[in-house]
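Chain order of the listed sequences is A and B. Residue numbers are given in numbering that gives the first Met the number 0: position 25 of the first sequence equals residue 24, and the series is strictly consecutive. Residue numbers are given in numbering that gives the first Met the number 0: position 91 of the second sequence equals residue 90, and the series is strictly consecutive. Written below as C-alpha cells is the structure these notes are about.
There are 2 protein chains.
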Amino acid sequence: MPRGIARDHDEKRGLIRKGAAAYFARHGYDRASMTGAARECGVSKALIYHYYDSKEALLFDILDTHLSDLVAVVEDATGEGLPGLIRAVLAAYEDADAEHKLQLDALGTLPPEMQAPLIAHQRRLVAIMSDAVAATRPGLDPDRLRAVTMTVFGILNWFYMWHRPGRGLSRAEYAALAADFVGAGLKGV
Amino acid sequence: MPRGIARDHDEKRGLIRKGAAAYFARHGYDRASMTGAARECGVSKALIYHYYDSKEALLFDILDTHLSDLVAVVEDATGEGLPGLIRAVLAAYEDADAEHKLQLDALGTLPPEMQAPLIAHQRRLVAIMSDAVAATRPGLDPDRLRAVTMTVFGILNWFYMWHRPGRGLSRAEYAALAADFVGAGLKGV
DNA sequence: CATAAAACCGACCAAGCGGTCAAGAGTGTT
DNA sequence: AACACTCTTGACCGCTTGGTCGGTTTTATG
C-alpha cells in the first residue's frame, strides 16, 4: 500500500493560506507574485503548487475559509439582535484584516464559477443583517431596507481602512459606538 | 520658431484620462494593460506615452483631477451643513464611479511621493466632514469625532459597491436617506 | 512656402509573471 | 528492507507586460 498524505498536511496548507493572504493583502493580489508569496511562507514556489492548483485556487481557498468562518460567527450571534451582530462582525475581522481586504478587492478577479459560492456566503450575511435591521425597524419598504442594510455594511467594511490598532478607539469601543449610531440612525429613516 | 502644442492638447489628454480611468476601473489597475487602455481610447499605446511618462503618471493624473474636483465641490457645499455635504459628495460621485473606485483600491500602488499630494486632498475632505459632524453634534471627544467622521465616509464610499443605477433607490433618494440616518445616528453617540 | 517641432504609429525589447518538470529526500505501509 | 507515494526543490518555459524607438504625417509659425 502507498503512504497517505502527511499528518500535518492540513496545518501546512493552512500556513500557506495564511501567509499568502497576508502577502496578497499587503501588495495587492494582482501585483503580488507567487514567488514572493512563497518566500513570505518560507517555502519554494513549486511547493505551493503542490498544495494548490493555481494562484486562483489559492485565493479561492483564502476567501472561502474566511467567509465560511464569518457566516458561522454571524449565525451564532443572531440571538443578540443588531448590536450583537455588529459586535460579532467587527470582532471576527480581528486577525482577519488581510482576508477581509482581499474579499473586498480581489474576489472580482476570480472567474464567475469560482465567485458563485463565495457570493452565496455574502448573500447569507446580507440576509442575516437585513433580518436584524427589519426586526429593529419594522415597516421599511424593501428598497429602503436594502439601502439601510448596505449602509450598515458600509460602516463595518470601512473600519479596517481607517482604524490603526493602538490608536483612537479600540475595536470593542468602536463596535459599541457603531451599534449606538446604527440604532439611533434607524429611528431617523 | 517651432510650433507649440496643439490647441486640443488638453482635451485629448482629458479623453485619454477618462477612457483609461474607465478601463482601469473595470479590469482593476494592476490587471489592466496599457495596450488595452489604448484600444479603449481608440489610440495607440505609444500615443499615451506621448501624453504621459508612465502608467503611474497616468493614474496619478486621474486621481489628482478627481480629488481636486471633489474638494472643490465639497468646499462649495460647506454652507449647507452635514446633509448638504452628504448630498454633494454622492452627487459628485455620479459619472465618477470609475475614478472613485480607483482612488479606493489603486492609490496605494503609487510610490509614496506620488501618494502624498493625493492624501493631502483626502485629508482636506476628512477635515471638512469632521467640522460638519462637530457642528451637528458638539462635545464629542477627538477620538469619537474621528470615528464618527469615518463612519460617515464608510457609508458614502460603500455606495458604489452595492448601488445599481435604475434599481432600488436613486442616488438622490439615497442621499436623503443617508442624511437622515446620519443625523439621527449622531444623536445616539 | 519652408521648416521644425508635435502628433501619431507598428514593431520591438527586457523583465517578470504564472505555471511545469525532473529529480532527490523523507516516510507510512507491507 | 523494499516499496510507493508524498514532500520539496531549483531550473526552466511561454507569454504578457510596461516601456522604447525609428520613422511618417500633420500643423503652427516664420
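Just so it is clear, CB atoms sit at the ideal spot from N, CA and C, and this is done for glycine as well.
Item	Value
Scan the segment 152-163 of chain A for residues whose Cβ lies nearer than 9 Å to a Cβ of chain B and list them as they occur along the chain.	152, 153, 154, 155, 156, 157, 158, 160, 161 and 162
Does any residue of chain B have a CB that is nearer than 8 Å to the CB of residue 165 of chain A?	no
Determine the chain B residues that contact residue 145 of chain A at a beta-carbon separation under 7 Å, and present them in chain order.	167
Anyone know if the C-beta pair for residue 16 of chain B and residue 64 of chain B falls short of 8 Å?	yes
If you count every other CB in all the chains shown that lies within 10 Å of the CB of residue 160 of chain B, and 16 or more means buried, which is it?	exposed
Is residue 183 of chain A helix, strand or coil by DSSP?	helix
Distance, Cα to Cα, residue 45 of chain A vs residue 134 of chain A?	51 Å
Smallest Cα separation from residue 56 of chain B: which of B:93, B:69 and B:112?	B:112
Kindly list, in the order they appear in chain A, the residues whose Cβ is closer than 7 Å to that of residue 149 of chain B.	157 and 161
With C-beta atoms as the reference, is residue 143 of chain B less than 8 Å away from residue 168 of chain A?	yes
Return the Cβ separation of residue 82 of chain B and residue 187 of chain B in integer angstroms, given the expectation that the two are a contact with Cβ distance under 8 Å.	About 17 Å; that fails the 8 Å criterion.
Using a Cβ-Cβ distance cut-off of 8 Å, determine whether residue 108 of chain B contacts chain A.	yes
Using Cβ-Cβ distances below 7 Å, what residues of the segment 74-90 of chain A are close to chain B?	none
Give the single residue among B:49, B:36, B:22 and B:38 whose Cα lies nearest to the Cα of residue 9 of chain B.	B:49
Give the single residue among B:166, B:85 and B:19 whose Cα lies nearest to the Cα of residue 41 of chain B.	B:19
Any chance the segment 110-129 of chain B sits against the segment 148-160 of chain B, with 3 or more Cβ pairs inside 8 Å?	yes
For residue 87 of chain A, I'd like the list of residues in its chain whose CB is within less than 7 Å of its CB, leaving aside the five on either flank, ordered along the chain.	72, 73 and 76
I need the boundaries of the alpha helix (DSSP H) containing residue 130 of chain B, first residue and last residue.	111-135
Using a Cβ cut-off of 8 Å, pull out every chain B residue sitting near residue 30 of chain A, in sequence order please.	29 and 108
Please list, in chain order, the residues of the segment 44-61 of chain A that have any C-beta partner in chain B closer than 8 Å.	none
Residues of chain A with a CB under 8 Å from the CB of residue 131 of chain B: which are they?	Within chain A, no residue comes near residue 131 of chain B; the closest Cβ sits about 16 Å away, beyond 8 Å.
So, is residue 34 of chain B buried or exposed, given that buried needs 16 or more other C-beta atoms within 10 angstroms?	exposed
Give the secondary structure of residue 95 of chain B by DSSP, where H, G and I count as helix, E and B as strand, and everything else as coil.	coil
Hey, quick one: how far does the alpha helix (DSSP H) through residue 10 of chain A stretch, first residue to last?	8-26
Using the Cα positions of residue 148 of chain B and residue 180 of chain A, report the straight-line distance between them to the nearest angstrom.	12 Å
Considering residue 107 of chain B, what are the terminal residues of the alpha helix (DSSP H) in which it resides?	That residue, residue 107 of chain B, is in no alpha helix (DSSP H); it is neither H nor E in DSSP.
With burial defined as no fewer than 16 other Cβ atoms inside 10 Å of the residue's Cβ, what is the status of residue 145 of chain B: buried or exposed?	buried
So, is residue 119 of chain A buried or exposed, given that buried needs 16 or more other C-beta atoms within 10 angstroms?	exposed
If we ignore side chains and look at the alpha-carbon of each, how far apart do residue 166 of chain B and residue 95 of chain A end up?	33 Å
Check whether the Cβ atoms of residue 117 of chain A and residue 62 of chain A sit closer than 8 Å, and answer yes or no.	yes
Can you tell which of A:141, A:137, A:132 and A:36 has its C-alpha closest to the C-alpha of residue 21 of chain A?	A:36
So is residue 27 of chain A buried or exposed if we call it buried at 16+ other beta carbons inside 10 Å?	buried
For a minimum of 4 consecutive residues, which ranges assigned as the alpha helix (DSSP H) are wholly contained in the segment 27-100 of chain A?	33-40, 44-50, 54-75 and 80-92
Beta-carbon within less than 6 Å of residue 131 of chain B's beta-carbon, same chain only, minus the 5 sequence neighbours each way: which residues are those?	81 and 84
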